[in-house]
Amino acid sequence: MVNTIDGAQRRHLLAEAVWRLILRGGLAAATVRGVADEAGLSAGSVRHFFTSQADLHIFAMTELIDTVSARVATAAEEPDLERRVRAMLEELLPLTDRSRSEFSAYLEFVIRSRTDERLRPVTERSVLAVRELLSTVLDGMQQLGLIAPELAITAETVRLQGLLDGLTLRLVIAPDTLTVAQARRSVDDHLQALRPAQSRKQQPTTKASS
Numbered sequence: 170m171v172n173t174i175d176g177a178q179r180r181h182l183l184a185e186a187v188w189r190l191i192l193r194g195g196l197a198a199a200t201v202r203g204v205a206d207e208a209g210l211s212a213g214s215v216r217h218f219f220t221s222q223a224d225l226h227i228f229a230m231t232e233l234i235d236t237v238s239a240r241v242a243t244a245a246e247e248p249d250l251e252r253r254v255r256a257m258l259e260e261l262l263p264l265t266d267r268s269r270s271e272f273s274a275y276l277e278f279v280i281r282s283r284t285d286e287r288l289r290p291v292t293e294r295s296v297l298a299v300r301e302l303l304s305t306v307l308d309g310m311q312q313l314g315l316i317a318p319e320l321a322i323t324a325e326t327v328r329l330q331g332l333l334d335g336l337t338l339r340l341v342i343a344p345d346t347l348t349v350a351q352a353r354r355s356v357d358d359h360l361q362a363l364r365p366a367q368s369r370k371q372q373p374t375t376k377a378s379s
């Protein structure tokens, strides 16, 4: 099969191999040799695309971000605004087995970027891209009267991004402490709290889980 796929497909296969290795053994396991073995290729063929392990990691992280971004773009095609916003935000959370694996790998990259100057710009770009997306979404909602006019979009963007970051950490690092339903409810409650007071939906009171 390897001989019948093009360069872009092969590079994506290599990125997926990196992600799988990270999930099993952390970023240290994603060596050129390890990735080649995982993908069923020779180390030489991997080096044909990536001259260094750092280049391979940068590509794998970028490909992961692009994969999630593509799903957000698909969610943005939902015609109903409220369902569209919810669907887009849910794509930014690890709510399924697949997305949990992806976000687990992403967090490994983020942690490494703290001390790796080559990965750091990729992390910063992804954080800024999410911030820009959330700002655009919230601004659009405010213009349509779905967010109280007195609220500052810049501040609310920071709050919403912080909520998503916190939920992501809980769902990936301590999944037994937060259910998918609770994460979804947290996002819904947050969006409801942004509405003008007269248009907020009455939500049934539920006892918080410890």
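Heads up: the sequence shown begins at 170 in the numbering used here, then just goes up one per residue.
Just so it is clear, CB atoms sit at the ideal spot from N, CA and C, and this is done for glycine as well.
All figures in this text were calculated on a predicted structure; none of them were measured in a lab.
Have a look at Glu260, Asp235 and Glu232 and flag the residue whose alpha-carbon is nearest the alpha-carbon of Ala245. For Ala245, the nearest C-alpha among the options comes from Glu260.
Buried/exposed call for Arg202, threshold 16 Cβ in 10 Å: exposed
Under the three-state reduction of DSSP, which class applies to Asp266: helix, strand or coil? The answer is helix: DSSP assigns Asp266 an H, G or I state.
In whole angstroms, what separates the C-alpha of Glu319 from that of Phe278? 38 Å
Count the other C-beta atoms from every protein chain shown that fall within 10 angstroms of the C-beta of Arg354, then say buried if there are 16 or more, exposed otherwise. exposed
Cα-Cα, which of Asp358, Ser214 and Ser295 is closest to Ile316? Closest option to Ile316, Cα to Cα, is Asp358.
Rounded straight-line distance, which links the Cα of Leu347 to that of Arg339: 7 Å
What is the DSSP secondary structure of Leu313, reduced to helix, strand or coil? coil
Selected residue, minimal CA-CA separation from Ser238, among Val299, Val341, Val327 and Phe219: Val299
Would you be able to state if there are at least three C-beta pairs under 8 Å between the region 200–215 and the region 265–282? no
Which value, in whole angstroms, describes the spacing of the CA atoms of Thr231 and Ser368? 40 Å
7 Å CB neighbourhood of Thr173 in its chain, flanking five on each side removed: Residue placement at Thr173 cannot be trusted, given a pLDDT of 41 that sits under 50; what the coordinates show is reported in the next sentence. Excluding residues within five positions, none has a Cβ falling inside 7 Å.
Once you ignore the five residues that flank Ile322 on each side, which residues in its own chain have a CB closer than 7 Å to its CB? Taking C-beta separations shorter than 7 Å and ignoring five residues to either side along the sequence, the partners of Ile322 in its chain run Ser304, Leu307, Asp308 and Gln311, following chain order.
Taking buried to mean at least 16 other C-beta atoms within 10 Å of its own C-beta, is Pro248 buried or exposed? exposed
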